[in-house]
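A.B. asks: Below you'll find the structure I mean.
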Amino acid sequence: MKPQARADGLVVQELEDETLVYDLGNHKAHCLNRAAAAVWRLCDGTRDEAALARLLGKELADAVDEDVVRLALRDLARARLLREPRSARPRVSRRRLIQRLGQAAALPLVISIVSPTAAQAATCGAPVSPSACNAGAPGAVGCCCNNSKICLAGGSGCAGARC
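Oh and the sequence shown: position 40 is 629 in the working numbering, straight run, nothing missing.
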């Protein structure tokens, strides 16, 4: 199989030693270390695992085992950063690779977190009185009113049961 990286619906920010990828569709952020990012960039649909391992070795200036590439592809597939799901393959254990290769720095790592939507990110502080919401009290916007509703901006009162 020749994996292909997904590009649609993603916001990518490359930094010095890592690449941040935000998936607009499922609101997940992924942090790819240098090795995982290199594998992801090299996945253009024309290379198999052996070719990816050779190119990754050149990019990292070190010999790279195909199991390292398989581990990266597994993690990238789990993060839904590849176009097609990976076919069933023997499990590659990160721990086993470290024991066998003795080099944790070259192992690919994909860390994913769920990013809350704007509505989910709103936090409620201590309940405030509806009159404080209506008066547009500083810091009251987004706080819970005594009647379990959210203060609206501009002193326009409370709306919606949120807390």
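Here a beta-carbon is modelled for each residue, glycine too, at the ideal position from N, C-alpha and C.
How should V699 be labelled, buried or exposed, when 16 other C-beta atoms within 10 angstroms of its C-beta is the threshold for buried?
C.D. replies: Locating residue 699 in the sequence shown gives position 110, where the first residue counts as 1. That one is buried.
A.B. asks: I'd like to check one pair, A668 with V658: are the Cβ atoms closer than 9 Å?
C.D. replies: Position 69 of the sequence shown, counted from the first residue, corresponds to residue 658. Position 79 of the sequence shown, counted from the first residue, corresponds to residue 668. No, they are not a contact pair.
A.B. asks: In whole angstroms, what separates the C-alpha of Q602 from that of C620?
C.D. replies: Position 13 of the sequence shown, counted from the first residue, corresponds to residue 602. Position 31 of the sequence shown, counted from the first residue, corresponds to residue 620. Each residue's alpha carbon lies about 10 Å from the other.
A.B. asks: With a cut-off of 8 Å on the beta carbons, I'd call A594 and W629 a contact; round off their distance for me.
C.D. replies: Looking up residue 594 in the sequence shown gives position 5. Looking up residue 629 in the sequence shown gives position 40. The Cβ separation is near 5 Å, so the contact holds.
A.B. asks: Which of helix, strand or coil does DSSP assign to L628?
C.D. replies: Here residue 628 refers to the residue found at position 39 of the sequence shown. The sequence shown places Val at residue 628, rather than the Leu named in the question. Helix, per DSSP.
A.B. asks: Can you tell me whether K647 is helix, strand or coil according to DSSP?
C.D. replies: Position 58 of the sequence shown, counted from the start, is the residue given in the question as residue 647. Helix.
A.B. asks: Drop a sphere of 10 angstroms on the beta-carbon of T608, count the other beta-carbons inside from all chains shown, and report buried for 16 or more, exposed for fewer.
C.D. replies: Against the sequence shown, residue 608 aligns to sequence position 19. That one is buried.
A.B. asks: Leaving out five residues before and five after A694 in sequence, what residues of the same chain have Cβ atoms less than 7 Å from its Cβ?
C.D. replies: Residue 694 sits at position 105 when you count from the first residue of the sequence shown. Low per-residue confidence applies at A694: pLDDT is 47, beneath 50, and the placement is therefore not dependable, though the value from the model is reported in the following sentence. Once the five neighbours on either side are set aside, A694 has no close Cβ partner at all.
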